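K.L.:
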Amino acid sequence: MKVLEERIRQEGLILSESVLKVDSFLNHQVDTGLALQIGREFKEVFGHLPVTKILTVEASGIQFAMAAGIAFSVPFIYAKKKKAVTLSEDVYSAPVYSFTRQESYQISISQKYLGPEDRVLIVDDFLATGAALVGLADIVGQSGAQLLGVGCVIEKSFQEGRSLLEKRGINVHALARISSMAPGEVHFIANEEKMRESAGC
Ligand code: 5GP
2 MKVLEERIRQ
12 EGLILSESVL
22 KVDSFLNHQV
32 DTGLALQIGR
42 EFKEVFGHLP
52 VTKILTVEAS
62 GIQFAMAAGI
72 AFSVPFIYAK
82 KKKAVTLSED
92 VYSAPVYSFT
102 RQESYQISIS
112 QKYLGPEDRV
122 LIVDDFLATG
132 AALVGLADIV
142 GQSGAQLLGV
152 GCVIEKSFQE
162 GRSLLEKRGI
172 NVHALARISS
182 MAPGEVHFIA
192 NEEKMRESAG
202 C
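Structure below.
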């Protein structure tokens, strides 16, 4: 997604060879127009599939899951990282190790909102080690719902997340795929659309 790549180039802060800060427009202050555009882009990519629910994990996946939910006209659910006292009913849960926080936590959702009749698209801001998305995929498995795909806004392709998901047979699509980065420079993998354009198809 060209506009997203441009924003990453202009505003992304590369803190190290593996950590990208995009909190001026994606996951702290949020550019709402861009978030809605991202939702529509997920609809372009996965719109041929019969999605009934969008699933993400709090906090930084929420704005994109909501945007995708609007584009698909379906509800979105976000997994909680701490079990709230209000979450008193039965839950599906999975452990996740956080790359950015370097600690493990449990994610959970109420069993009321996901079941065998659902067909799920998982959405998140980053695909890095894949731990969060594997946790979400586990939750879908526990519910008996069908997982149709995973859409993430930014993939750091030099980390193992994509291969971990693909090994599980999960269909993954990222809107911006970073092949490498270093302070002051970021390189993207051309997506199929761009390759088709340059091939004149
Ligand atoms: P995972 O390693 O499980 O794929 O990434 C889990 C979460 O860590 C992502 O959803 C994202 O919130 C956060 N994360 C991973 N890598 C980065 C990064 O380079 N920058 C930022 N801002 N967050 C990241």
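Residue 27 in this note's numbering sits at position 26 of the sequence shown; the count goes up by one each step and never skips.
No residue lacks a Cβ here, since even glycine has one placed at the ideal position from N, Cα and C.
Nothing here was measured: the structure is a model prediction, and the numbers come from that model.
1) How long is the line joining the alpha carbons of P96 and S181, rounded to whole angstroms?
2) Can you name the residues that DSSP bridges to Y106?
3) Can you tell me the Cα-Cα spacing of V92 and L128, whole angstroms?
4) According to DSSP, what are the bridge partners of E186?
5) What is the DSSP secondary structure of T53, reduced to helix, strand or coil?
6) Three-state secondary structure (DSSP) at G150?
7) What's the C-alpha gap between L115 and Q38?
8) What whole-angstrom Cβ distance do R120 and P51 have, given they're in contact under 8 Å?
9) Along the chain, where does the alpha helix (DSSP H) containing L115 start, and where does it finish?
10) Among I190, G48, L35 and A80, which one has its Cα closest to the Cα of F65?
11) Just list the residues that DSSP pairs V4 with in beta bridges.
12) If distances are taken between C-alpha atoms only, which option among Y106, G70 and E18 comes closest to L137?
13) Just the Cα atoms here: how many angstroms apart are D125 and L21?
14) Under the three-state reduction of DSSP, which class applies to K157: helix, strand or coil?
15) Taking the C-alpha atoms as reference points, what is the distance between S19 and K157?
16) Where DSSP assigns a beta bridge to A177, which residues make up the other side?
17) Check each candidate in F47, H49 and G70 and name the one with the smallest Cα separation from T57.
18) S61: buried (16+ other C-beta within 10 angstroms of its C-beta) or exposed?
19) Spatial neighbours of H174 within its chain, please: C-beta separation below 6 Å, excluding the five flanking residues on both sides.
20) Check whether the Cβ atoms of L149 and L122 sit closer than 9 Å, and answer yes or no.
21) In chain order, what residues of the same chain have a beta carbon less than 8 Å from the beta carbon of H188, not counting five sequence neighbours either side?
P.N.:
Judging by the given coordinates:
1) 28 Å
2) V97
3) 25 Å
4) A183
5) coil
6) strand
7) 26 Å
8) 5 Å
9) Where L115 is concerned, there is no enclosing alpha helix (DSSP H), given that its DSSP letter is neither H nor E.
10) L35
11) DSSP lists no partner for V4.
12) Y106
13) 15 Å
14) strand
15) 8 Å
16) I155
17) G70
18) buried
19) V46 and G152
20) yes
21) I179, S180, S181 and M182
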